[in-house]
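Undergrad: One structure coming up, written as structure tokens, with questions to follow.
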Amino acid sequence: MTKAKLSNEPSNSSRVNDSNVRKPKEYVPYSLNGRVSFDGLPDQYANELLRNIVYLNIMCIGEPGIGKSTFISTLFEKELVSDTESYAKDNEVVLAEFNYELTEGIAHLGLKVVHTVGYGQVNSEINLNPIINYINDANRKYLIEEFKVNRNLNTFKDERIHFVIFFISPFGLKTIDLKLLQMLSGNVNIIPIIAKSDALTSNELANLKKEIVKEAEDNGIKFYFFGDKTKSKLCEPFSFIGSTQSIKTDKGKSVIGREYPWGTVDIYNKNHCDYVDLRMNLLSTHLEDLREATIYDIYEKYRKRQLENLGFLVDAEKKPTNSAENYVRKVQTKSKYQIVKDSFMAEIQTAEKKLADRERYLKAEYHTYTHCHLNELAKIDEEIISIKENIEKLSASAKKK
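Plus 75 on top of the position in the sequence shown (first one is 1) and you've got my numbering.
Here it is as structure tokens:
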């Protein structure tokens with residue numbers, strides 16, 4: 076009775092022949108005659124989101140004292156980050172993490188703010204590595220979770236950075252800024268803001284924005300583009316004046332801003348800075364776009380690079396091949412490798428057999444020659460003894476005479 080042999084190779088019968096499948100080129104729109112109830116899908120999706128915490132991870136990059144902590148506190152209208160300089164180390168950039176769970180209405184936001192402490196104090200490219208490594212490590216952690224057999228991405232704490240707020244001095248971009256922006260470009264969403272923009276006149280601010288955009292274009296740096304989902308004036312980069320203090324204007328109106336001998340600055344006044352547009356884009360109209368750009372664009376490119384480094388193949392259009400194609404290729408490669416290996420092993424076995432036969436022959440010859448040699452020695456010894464006996468006999472006969 077023969078037993079069925081299991082094969083690792085996928086059988087041809089299990090594969091679907093595309094020529095036998097009639098596929099429509101596109102979906103044809105149809106109107107229903109009545110309600111069938113799947114119009115509640117958006118509500119189901121919204122309810123599912125509200126049950127879970129939505130994670131938002133922000134990295135703030137800028138030199139000490141430029142207003143990173145003030146920006147976060149202003150953005151969320153809450154004193155969130157206070158002392159970051161206590162993390163500072165000499166000649167080193169330190170990443171300081173702050174985690175918060177915020178609630179607004181029925182929405183829950185898991186906010187992580189990462190501050191770059193010590194950036195800009197030492198103009199060395201080596202000091203930029205901790206920033207890049209942090210972003211890559213967050214992507215790597217998520218990739219490892221994806222590879223697990225028992226994974227739960229719904230409850231996994233996603234630490235991937237959704238966007239970087241890059242604080243630019245009112246004096247413009249420095250060489251170290253351009254270098255870091257080049258390293259960040261394509262690996263994270265970059266949102267540039269001109270900090271302490273109240274130090275500039277309107278003309279100086281407009282010229283600085285144009286200069287920053289030109290420098291970015293010349294150095295291949297891409298900023299996140301908010302698009303046209305809102306009717307508000309989109310400024311890139313945004314100007315920002317940080318403040319959490321309530322002051323009164325000359326007319327007695329309470330505003331959030333700064334007070335100077337020549338007047339007051341209202342951060343909610345679009346004529347003073349771009350804070351209103353910035354906050355609306357970050358937290359209202361484009362928050363999910365920023366998250367999706369990280370997940371479906373930036374992270375997917377990172378994931379593709381890592382899979383290619385691990386040996387996964389891509390087709391001519393640089394698209395990852397599916398698992399079935401990869402499996403067939405692996406089986407075919409393994410089969411070819413096994414043929415070469417078997418042939419090589421056969422040659423080794425043949426050579427080893429020849430060596431073994433030669434060794435047995437030499438040993439046999441050695442034993443034969445040794446045996447013959449010993450026999451000859453024995454004969455010689457017998458002849459010597461016989462000669463000695465004859466000499467003794469002759470000597471004895473000579474004495475008698």
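Glycine is no exception: its CB is placed at the ideal position from the N, C-alpha and C atoms.
(1) Who are the Cβ neighbours of residue 366 in its own chain at under 6 Å, not counting the five residues just before and after it?
(2) Specify the secondary structure class of residue 347 as computed by DSSP and reduced to three states.
(3) In angstroms, rounded to a whole number, what distance separates the CA positions of residue 376 and residue 264?
(4) At 3 residues or longer, and completely inside the region 256-294: list those beta strand (DSSP E) runs for me, N to C.
(5) Using a 10 Å radius around the Cβ and a threshold of 16 neighbouring Cβ atoms, would you call residue 178 buried or exposed?
(6) Would you please state the rounded distance, in angstroms, between the beta carbons of residue 218 and residue 258? I believe it to be under 8 Å.
(7) Using the three-state DSSP reduction, which class does residue 452 fall into: helix, strand or coil?
(8) Output the distance between the C-alpha atoms of residue 348 and residue 323, rounded to the nearest integer angstrom.
(9) Does DSSP put residue 120 in a helix, in a strand, or in coil?
(10) Taking its Cβ as the centre, do 16 or more other Cβ atoms sit within 10 Å of residue 126, making it buried, or is it exposed?
(11) Excluding the 5 residues preceding and the 5 following residue 311 in the sequence, name in chain order all residues of the same chain whose CB lies nearer than 8 Å to its CB.
(12) I need the DSSP call for residue 186, collapsed to helix, strand or coil.
(13) Got a sec? Which residues, its chain only, sit under 7 Å from residue 309 by beta carbon, not counting five neighbours each side?
(14) Verify whether the separation of the beta carbon atoms of residue 270 and residue 142 is less than 8 Å.
(15) Give the C-beta separation of residue 162 and residue 169 to the nearest angstrom, bearing in mind that I take them to be a contact with Cβ-Cβ under 8 Å.
(16) Give the secondary structure of residue 251 by DSSP, where H, G and I count as helix, E and B as strand, and everything else as coil.
(17) Quick check: the region 131-151 against the region 185-194, are at least 3 beta-carbon pairs closer than 8 Å?
(18) Kindly say whether residue 110, judged by its beta-carbon, lies nearer than 8 Å to any beta-carbon of chain B.
(19) Quick one: residues in its chain with C-beta nearer than 7 Å to the C-beta of residue 248, no 5 flanking neighbours on either side, listed in chain order?
(20) Alpha carbon to alpha carbon, how far is residue 319 from residue 122? Give it in angstroms, no decimals.
(21) May I have the straight-line CA-CA distance separating residue 369 from residue 116, to the nearest angstrom?
(22) Helix or strand or just coil, what does DSSP make of residue 163?
(23) Which residues does DSSP pair with residue 243 in a beta bridge?
(24) Rounded to whole angstroms, what's the CA-CA distance from residue 281 to residue 172? Just pull it up for me.
(25) To the nearest whole angstrom, what separates the beta carbons of residue 138 and residue 244, a pair I think is in contact under 8 Å?
(26) Under three-state DSSP, which class holds residue 170?
(27) Using the Cβ count rule (16 or more neighbours within 10 Å means buried), how would you classify residue 235?
(28) Can you have a look at residue 415 and say buried or exposed, based on whether 16 or more other CB atoms are within 10 angstroms of its CB?
(29) What is the rounded straight-line gap between the Cα of residue 317 and the Cα of residue 222?
(30) Name the one or two DSSP bridge partners that residue 179 has.
(31) On the DSSP bridge list, what partners appear for residue 418?
(32) Which residue from 473, 111 and 131 puts its Cα closest to that of residue 174?
(33) Looking at residue 262 and residue 210, is the spacing between their C-beta atoms short of 8 Å?
(34) Out of curiosity, what's the CA-to-CA distance linking residue 240 and residue 191?
(35) Which of the three DSSP states, helix, strand or coil, is assigned to residue 342?
TA: To lay it out plainly:
(1) 237
(2) Three-state DSSP puts residue 347 in coil, outside helix and strand.
(3) 13 Å
(4) Assignment of beta strand (DSSP E) within the region 256-294, counting only whole runs of 3 or more residues, yields 265-270 in chain order.
(5) exposed
(6) At roughly 20 Å, the Cβ-Cβ gap does not stay under 8 Å, so residue 218 and residue 258 are not in contact.
(7) helix
(8) 18 Å
(9) helix
(10) exposed
(11) 267, 284, 288, 298, 300 and 301
(12) strand
(13) The pLDDT assigned to residue 309 is 40, lower than 50, so where the model puts this residue is not dependable; a value taken from the coordinates is nonetheless given after this. Here the set comprises 301 and 352.
(14) Yes.
(15) 5 Å
(16) Residue state, collapsed to three classes: helix.
(17) yes
(18) Among the protein chains of the structure shown there is no chain B, as only one such chain exists.
(19) Here the set comprises 287 and 290.
(20) 34 Å
(21) Taking the straight line joining both Cα atoms gives about 25 Å.
(22) Under the three-state reduction of DSSP, residue 163 is assigned to coil, being neither helix nor strand.
(23) Partner(s): 269.
(24) 34 Å
(25) 7 Å
(26) The three-state reading of DSSP puts residue 170 in strand, counting E and B together.
(27) buried
(28) exposed
(29) 43 Å
(30) Residue 179 is bridged by DSSP to 182.
(31) According to DSSP, which records beta bridges pairwise, residue 418 is partnered with nothing at all.
(32) 131
(33) yes
(34) 11 Å
(35) coil
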